[in-house]
Amino acid sequence: MHKSAMSVSQKLWPSLPLQHRIRRMWWAYAVLALLAVVASLWASGEIGRHRAEAALEEQARMDARLNAALLRTVLEKYRALPFVLSQDAALAAALAGNDAGAFERLSQKLENLAAGTKAAVIYVIDKDGMAVSASNWREPTSFVGNDYRFREYFQGAVERGQAEHFALGTVSKKPGLYISQRISDGNSLLGVVVVKVEFDDVEADWNASNTPSYVVDERGIVLITSIPSWRFMTIGRIAEDRLTAIRESLQFGDAPLQPLPLDMVRNLGDGLDVVGIVMPGDAGKTRFLDVATSVPATGWHLQHLVALGPSVDAGIREARMLALLILLPLMAGAAFLLRRRHVITLRISSEQRAREELERRVAERTLDLSQARDRLQAEIVGHKSTEQKLQAVQQDLVQANRLAILGQVAAGVAHEINQPVATIRAYADNARTFLDRGQTAPAGENLESIAALTERIGSITEELKTFARKGRGSAEPTGLKDVIEGAVMLLRSRFAGRMDTLDIDLPPAELQVMGNRIRLEQVLINLLQNALEAVAPKAGEGRVEIRTSTDAGMVTVTVADNGPGIPPEIRKGLFTPFNTSKESGLGLGLVISKDIVGDYGGRMEVLSDSSGTRFIVQLRKA
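Under full-length UniProt numbering, the sequence shown has 216 at position 216, and the numbering climbs by one with no breaks.
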C-alpha cells in the first residue's frame with residue numbers, strides 16, 4: 001500500500017525537470033494561442049469590414065439608382081412641355097403678330113399651365129432675345145422685358161431647335177434647369193419657349209434621408225445637392241482658363257467654384273470610392289462610401305454618400321465576436337486536453353473544478369452567440385422594412401402616373417357635364433313657368449327630364465371614379481341609336497334655335513357597337529358641337545348631317561358640315577394636345593375623342609376643305 005501510494009504520489013507530483021517541461025509547453029501553447037487570437041481578430045475584422053462594406057455598397061447602389069430614377073422622372077415630366085407649347089398655334093400667332101394684348105393673354109395661359117404642371121416658370125422669348133410672356137408676369141420678379149440673348153439655352157434652341165442648360169437665375173437668383181424649344185413658322189424663327197425646372201422638392205427628399213447626395217455635370221460642378229453649402233462647388237480643380245470662362249458666362253452667378261472638402265481614400269472600382277469629407281459643422285473628416293451612377297438622358301452623374309463608421313465598426317465587432325466565440329472554445333478545449341494530459345494524476349476535485357470552469361465559459365460563449373443571433377435577426381427585419389418602403393415608393397410612382405392620365409380624362413368629362421347642367425337649368429325654368437300657369441302635366445314632364453339628366457351626370461361621374469380606381473371601362477354592346485339621341489338631347493339647350501340645321505339619319509334600334517354609351521356620347525357631343533359652331537355664321541344655310549353605314553364588321557358614323565373648313569395649319573396638328581383655335585378652349589376635346597374611339601378598337605379620320613368638314617368614326621360592330 002505504501003508503494004502504491006508512492007507511485008500515485010510520483011504521478012501527482014512530478015519531478016522538477018518535468019515541471020519545467022510542462023511550463024515550457026504551456027508557454028509554447030500561450031504563444032500559439034496569442035498568435036491564433038491576433039490572426040483571427042485581424043482576419044475576422046477584415047472579413048467583417050468587407051461584408052459591412054458590401055452590404056452598404058448594395059444598399060447605397062440601390063438608393064443611388066432610386067434617386068437617379070426619381071430625378072429622371074422629374075426631368076421627363078417637363079421635357080415634353082416645351083415641345084407641346086412650340087406646336088401651339090395661338091403661341092406662334094402671338095409671336096408673329098407682336099401684339100401686347102395677345103402677349104398678356106398668353107401670359108395668363110402660361111400662368112395657368114405652370115400652376116397645373118408645377119413648373120417653376122414658363123416663358124416665351126421673341127427672336128431678338130426679349131421675354132414677351134411669362135407665367136410669373138404678375139410677380140415683382142417677372143421675366144417679361146428681360147434680355148436673354150446671352151443665355152446658352154436661347155442660343156442652343158435657335159441653332160439646334162432645342163436645348164437644356166442648368167444655371168442660376170439672373171432675376172430669381174434660384175438655380176434650375178432651363179429646357180428650351182425653338183418656335184418656327186416654316187423656316188423662319190419666331191421665338192423660343194422655355195420651361196424652368198427647380199429641384200427644391202428633390203433636394204428636400206434627399207436631405208430627409210440623412211444620406212448626402214449630389215449631382216455633378218460633365219465638368220464636375222455640383223448642380224443639385226442635399227447640402228446647400230456644396231452647391232456650385234467642384235469635385236476637382238478646374239483649369240483657370242475654363243474657370244474664367246464659366247464665371248464670365250454668369251451661369252452660376254458669382255459662385256467661387258471652389259473644390260469640395262473631399263479627399264480620396266481608396267478606389268474600389270466600378271464607380272465606388274471611399275472618401276473623407278469635412279461635413280458642415282464638423283471639425284474632422286468623416287469617411288463615406290461614395291457611389292456614382294449616371295442620370296439617364298443627361299450628362300450628369302449622381303453621387304450618393306453613405307457613412308462608413310457606425311456600420312463598418314459594428315460589422316468588425318460582430319465578426320470578431322463570432323471569431324472569438326468559435327476560437328475560444330477550441331482553445332479552451334485544447335488547453336483542457338493539454339492540462340488533462342499533464343495533470344491527469346491530480347486530485348479528482350481539481351479535475352472537477354476545471355470541468356465546471358469549462359462549462360461556465362462555454363455557457364457564457366453560448367449566451368454571446370445567442371445575442372449575436374438576435375442582433376442578426378433584428379437586422380434582417382430592418383432590411384425587410386426597407387424593401388417594403390421601396391415597394392411603396394414604386395407604387396406611389398405608378399399611382400402618380402395614373403392620376404396624370406386621369407387629369408386629361410377629367411378635363412373632357414368636366415367639359416361635357418356642363419352641357420346637361422345647362423339643360424337641367426332650362427328644364428327647371430320651364431317647369432317653374434308651367435307651375436305658375438297651373439299646367440302640372442308639362443311641368444311633370446320637365447321634372448322627369450331633369451331626373452333623367454341627373455342620372456346621366458351621376459353615370460358620368462361614376463365612370464370617372466371607376467377610371468380612377470381600375471382604368472378604362474371595358475367595351476360592351478351599346479345601341480348606336482341611343483348614343484346619337486342622347487348626344488343630341490344634351491346639346492339641345494345649348495344650341496337652341498340651331499338644332500334645325502341637324503339632318504340625322506338614325507340607325508335601326510337593333511344596331512349595336514362595342515363601347516360604352518357615356519364615352520361614345522362624349523365623342524359625338526364633341527363632333528356635333530364643333531360642327532354646329534362651324535356652321536353658325538351661315539345662319540339658315542348651315543347644315544350638319546349624321547349618317548351611319550355598316551361594312552365588314554365595322555360601323556361607320558359620319559358627322560359632316562358645310563362650314564368654312566379647317567385651316568391646313570390647324571388640321572396638321574388637330575389631334576395634338578393643347579392645339580386649338582378657340583381662345584377659351586384647351587385643345588383636348590378631339591384628342592380625348594380619338595383616344596376613346598381607339599380604346600374600343602376603332603379609328604377616327606377627318607376630311608376638310610373650303611366646302612366643309614367630315615369626321616369619320618369607325619367602330620366595331622357588336
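Ideal placement from N, C-alpha and C gives every residue a C-beta, glycine not left out.
Contact between valine 74 and valine 202 holds, since their C-beta atoms are separated by about 6 Å, short of 8 Å. Bridge partners of histidine 301 according to DSSP: Val216, Ser294. Ranked by how close their Cα comes to the Cα of threonine 501, the residues Asn562, Asp482, Ser449 have Asn562 in first place. Taken atom to atom, the span from the alpha-carbon of glycine 540 to that of alanine 552 is near 38 Å.
Per DSSP, glutamine 181 is one residue of the beta strand (DSSP E) stretching across 175-185.
Linking tyrosine 600 to glycine 515 through their CA atoms gives a straight-line distance of about 6 Å. In this model, leucine 435 and alanine 426 are separated by some 14 Å (Cα to Cα).
The alpha-carbon of glycine 281 is positioned some 21 Å away from that of aspartate 205. Using a Cβ distance threshold of 8 Å, threonine 234 and leucine 260 count as a contacting pair.
DSSP places tyrosine 123 inside the beta strand (DSSP E), whose first and last residues are 121-126. In this structure, the beta-carbon distance from alanine 131 to isoleucine 122 does not fall below 8 Å.
Fully enclosed alpha helix (DSSP H) runs of no fewer than 4 residues occupy 89-97 of the segment 74-103, in order along the chain.
The C-beta distance from leucine 520 to valine 483 rounds to 5 Å, short enough to meet the 8 Å contact threshold. Secondary structure at alanine 307: strand, using DSSP grouped into helix, strand and coil.
In the structure shown, aspartate 254 falls within a coil segment according to DSSP collapsed to helix, strand and coil. Asparagine 446 carries a helical assignment under DSSP once its states are collapsed to helix, strand and coil. Here the alpha carbon of proline 442 sits roughly 29 Å from the alpha carbon of leucine 480. In the three-state reduction of the DSSP assignment, methionine 604 falls in the strand class. Under DSSP, alanine 319 forms no beta bridge with any residue. Annotation: threonine 576 to aspartate 147 spans about 31 Å, alpha carbon to alpha carbon.
When the alpha-carbon of aspartate 290 is set against those of Phe252, Ile504, Ala428, Ala54, the nearest one is in Ala54.
In this structure the segment 320-334 touches the segment 36-49; the number of beta carbon pairs closer than 8 Å is three or more. Secondary structure note for leucine 262: its beta strand (DSSP E) is the uninterrupted segment 262-267. Boundaries for alanine 204: no beta strand (DSSP E) harbours it, while the alpha helix (DSSP H) harbouring it runs 200-208, taken from the DSSP string. Between leucine 268 and phenylalanine 288, the C-beta spacing is not below 8 Å. Non-local C-beta neighbours of alanine 255 in its own chain, meaning closer than 7 Å and more than five positions away in sequence, comprise Phe232, ordered along the chain. Between leucine 262 and isoleucine 277, the C-beta spacing is below 8 Å.
Under the three-state reduction of DSSP output, glutamate 53 falls in the helix class.
Contact check for phenylalanine 252 against leucine 168 passes: the beta carbons are separated by less than 8 Å. Exclusion of the five residues before and after leucine 453 leaves Pro420, Thr423, Ile424 as the residues of its chain whose Cβ lies within less than 7 Å of its Cβ. When beta bridges are read from the DSSP output, glutamate 356 appears opposite no residue. Annotation: lysine 174 to isoleucine 616 spans about 50 Å, alpha carbon to alpha carbon. If you check the CB distance, serine 311 and alanine 120 do not come in under 8 Å. Aspartate 128 is not a Cβ neighbour of leucine 95, given a cutoff of 8 Å. The bridge partners DSSP lists for lysine 621 are Val513. Counting the other CB atoms within 10 Å of its CB gives threonine 298 a total of 16 or more, which places it among the buried residues.
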